[in-house]
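Inspection log for the structure reproduced underneath, given as structure tokens.
Number of protein chains: 2
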Amino acid sequence: MADKREHILIVAEQLFGERGFDGTSVRDIAQTAGVNLAMISYYFGSKEKLLEAMINFRSEYAYGILAELNKDQSLSPWDKVDRLVEFYVDRILNNLPFHNIMYQESTAFRSIDIKDKIIDLKMRNLDQITRIITDGQQKKLFRQVDIPMTVGTIMGTISSYTQSRAYSCNILAIREDSDDEVFRTKLSKRLKAHLKQLLRAHLDIRNDTGPMEK
Amino acid sequence: MADKREHILIVAEQLFGERGFDGTSVRDIAQTAGVNLAMISYYFGSKEKLLEAMINFRSEYAYGILAELNKDQSLSPWDKVDRLVEFYVDRILNNLPFHNIMYQESTAFRSIDIKDKIIDLKMRNLDQITRIITDGQQKKLFRQVDIPMTVGTIMGTISSYTQSRAYSCNILAIREDSDDEVFRTKLSKRLKAHLKQLLRAHLDIRNDTGPMEK
DNA sequence: TTGAATTAAACAAACGTTTAATTGATTTTT
DNA sequence: AAAAATCAATTAAACGTTTGTTTAATTCAA
């Protein structure tokens, strides 16, 4: 085992993601990770600090890519939106356990530290997406929309299908015990296609609301 | 206290909604409800069956209204979509604790009974909304969209803002300790406006995707 | 030999649930 | 009408686990 500390983090991520923070005991983690119970206190101090360490561990890598997307001058705003959708769907689907934890922990307020970290993460997301959309607006391609709500739509749509595997499999018309890869592939395609179509219509300046046909 | 059993259910709903199922002890519930600890086993059998009873208790009332909306012949599909948005935003915002529980419990699989109940609830929602949208499609007002994904968008957008009060208050530009009513009113307005605008663009047959301006 | 890594064992507290006794009102019997 | 019986409602206490954390001893490499 190369890095025992990291190994514990990954095992804990899996379990927290499946059973929730309160639904997972430190004994569960220790046993699954194949380490002694006391090692968790030894490395992290407490169960709660383990969660905090996990958020730090996973947050770092997420920042770079979106910022890069924004810098790329060669991409049109429309291309950027498509890339954005692909980026988020891929990132969430490839990190389902962690996403589930963030998802659950943003409701529960475990500690001020953790709460602030999660809000910080969300704010950065919002900030990056805001730049992409305002850029499109300045170039007269996108219409005026409620940007924070639009971000909620993107994240919320994805979450609503990562949250309940049973329901999702039902919709995707695959067996509930299907391979994880099959599940992700099917869901990824479906989500990306939907979100792209949705955002094209939502953002396009030519779709600014005229009178409705009755 | 008129109906002690119901009173326990309501208190438990509050606590589960705030702290999660695993984060709430039966002693918490008993103390907050002002009843003896043993009464919870006496009335419900177990903590898990209390949750099940709660889902039954809350599920019943939800069905009627949407079905009625579908029957109403005088409303155009566009009107129905607007009503739909208003119905869902209101219902969720007026039942935040229960919504949070459903939200959390659809990830955790507490028991097969509970899982099935939640899926059943979701399926009924999907079914009702499907009727509204296919109706609009048959009348050549709505274009072809991925209906289950669109439902996910509606529910997910709302959830993404009911899930984390701290973040939402940040976006709504109100203080985090604002009155509950203030929070709901502001969020309701914002969500309804956004979702209506979004769905108008998304569903309108005139917005069927032509080539994008570059 | 020093100090970090690892262990089994123990800790007190909290957990969900059960027990056995008691209350209080309603029904049945005298 | 009074007494007895019945049964659901309620209680304090205890049950056996499980919880997160700590201790003190031991291993192991530097």
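Protein chains in written order, with this note's numbering: chain E, 1 to 214; chain B, 1001 to 1214. Beta carbons: idealized from backbone N, C-alpha and C, even for Gly. Here the structure is a predicted model, which means the values were calculated and not measured.
> Which residues in chain B sit within 7 Å of His202(E), going by Cβ to Cβ distance?
Replying inline: Leu1198, Ala1201, His1202
> How is the alpha helix (DSSP H) around Arg1234(B) delimited, first residue to last?
Replying inline: Residue 1234(B) cannot be examined here, being either before or after the span of chain B that is shown, 1001 to 1214.
> Applying a beta-carbon distance threshold of less than 8 Å, which residues of chain E neighbour Asp1146(B)?
Replying inline: Arg190, Ala193, His194, Gln197
>> Within a Cβ cutoff of 7 Å, which residues of the same chain sit near Lys1140(B), ignoring the five residues on either side of it in sequence?
In response: Ile1205
> Any idea what DSSP makes of Phe1142(B), helix, strand or coil?
Replying inline: The three-state reading of DSSP puts Phe1142(B) in strand, counting E and B together.
> Taking three-plus beta-carbon pairs below 8 Å as touching, is the region 1065-1085 of chain B in contact with the region 1185-1200 of chain B?
Replying inline: The way I'd put it, the region 1065-1085 of chain B does touch the region 1185-1200 of chain B; three or more beta-carbon pairs between them come closer than 8 Å.
>> Residues of chain E with CB closer than 9 Å to the CB of Ala1033(B), please, in chain order.
In response: Those within 9 Å of Ala1033(B) in chain E number zero; the least Cβ separation is about 21 Å.
> Between the region 1152-1184 of chain B and chain E, which residues of the former have a C-beta closer than 8 Å to a C-beta of the latter?
Replying inline: Gly1152, Thr1153, Met1155, Gly1156, Thr1157, Ile1158, Ser1159, Ser1160, Tyr1161, Gln1163, Ser1164, Ala1166, Tyr1167, Asn1170, Ile1171
> Is there at least one Cβ from chain E nearer than 8 Å to Asn1125(B)'s Cβ?
Replying inline: no
> alpha helix (DSSP H) containing Phe1021(B): first to last residue?
Replying inline: First-last for Phe1021(B): undefined, no H or E at that position.
> With distances taken between CB atoms, is the gap from Ile101(E) to Gly17(E) smaller than 8 Å?
Replying inline: yes
> Using a C-beta cutoff of 8 Å, does Met1149(B) count as contacting chain E?
Replying inline: Yes, its Cβ sits closer than 8 Å to a Cβ of chain E.
> Taking the alpha carbon of Ser1106(B) as the point to measure from, which residue in Lys1080(B), Glu1068(B), Ser1159(B), Asn1036(B) has its own alpha carbon closest?
Replying inline: Ser1159(B)
> Quick one, are the C-beta atoms of Pro983(B) and Gln1031(B) less than 8 Å apart?
Replying inline: The requested residue 983(B) does not occur in the structure, where chain B is confined to residues 1001 to 1214.
> In its own chain, which residues sit with a C-beta less than 8 Å from the C-beta of Leu1075(B), not counting the 5 before and 5 after it?
Replying inline: Leu1069, Arg1083
> If contact means a Cβ-Cβ distance below 7 Å, which residues of the region 1102-1113 of chain B contact chain E?
Replying inline: Gln1104, Ser1106, Thr1107, Ala1108
> Taking the alpha helix (DSSP H) that Gln1163(B) falls in, what are its first and last residues?
Replying inline: Per DSSP, Gln1163(B) belongs to no alpha helix (DSSP H) and is neither H nor E.
> Which residue comes first and which comes last in the alpha helix (DSSP H) that contains Gln104(E)?
Replying inline: 96-105
> Run through DSSP, which three-state label would Ile10(E) get?
Replying inline: helix
> In chain E, which residues lie with their C-beta within 7 Å of the C-beta of Lys1115(B)?
Replying inline: Ala166
> What residues of chain E sit near Asp1022(B), judged by a beta carbon separation below 7 Å?
Replying inline: Gly20, Asp22, Gly23
> Mind pulling the alpha helix (DSSP H) runs of 4 or more residues that sit fully within the region 1033-1083 of chain B?
Replying inline: 1038-1044, 1047-1059, 1063-1071
> What in chain E is Cβ-close to Lys1071(B), meaning under 9 Å?
Replying inline: The contacting residues do not exist; Lys1071(B) stays about 19 Å from chain E at best.
> How many Å lie between Leu38(E) and Phe21(E) at the Cα?
Replying inline: The identity of residue 38(E) in the sequence shown is Ala, whereas the question assumes Leu. So the two alpha carbons sit approximately 18 Å from each other.
>> Please report the straight-line C-alpha distance between Lys1071(B) and Val1089(B), rounded to a whole angstrom.
In response: 21 Å
> Hey, is Lys1122(B)'s beta-carbon within less than 8 Å of any beta-carbon in chain E?
Replying inline: yes
> Taking 8 Å as the CB-CB cut-off, is Ile92(E) touching chain B?
Replying inline: no
>> Which residues in chain B have a C-beta closer than 9 Å to the C-beta of Ile40(E)? List them in chain order.
In response: Those within 9 Å of Ile40(E) in chain B number zero; the least Cβ separation is about 19 Å.
> Would Ile112(E) be called buried (16 or more neighbouring beta carbons within 10 Å of its own) or exposed?
Replying inline: exposed
> So with Cβ pairs under 8 Å, would you call Ile1029(B) a contact of chain E?
Replying inline: no
>> Count Cβ pairs between the region 161-177 of chain E and the region 1169-1184 of chain B that sit closer than 8 Å; are there 3 or more?
In response: Not touching, per the Cβ criterion.
>> Spatial neighbours of Ile8(E) within its chain, please: C-beta separation below 6 Å, excluding the five flanking residues on both sides.
In response: Ala33
>> Judging by CA-CA distance, which residue of Met54(E), Met155(E), Ile133(E) is the nearest neighbour of Asp146(E)?
In response: Ile133(E)
> Whose C-beta lies closer than 7 Å to the C-beta of Trp1078(B) among residues of the same chain, with five residues either side of it excluded?
Replying inline: Leu1141
> Comparing the C-beta of Ile1133(B) with each C-beta of chain E, is any distance below 8 Å?
Replying inline: With respect to chain E, the C-beta atom of Ile1133(B) has no partner C-beta closer than 8 Å.
> Using a beta-carbon distance below 8 Å, is Lys214(E) in contact with chain B?
Replying inline: Model confidence at Lys214(E) stands at a pLDDT of 35, short of 50, so the residue's coordinates are unreliable; what they give is reported in the following sentence. Residue contact with chain B for Lys214(E): present (Cβ-Cβ distance below 8 Å to some residue of chain B).
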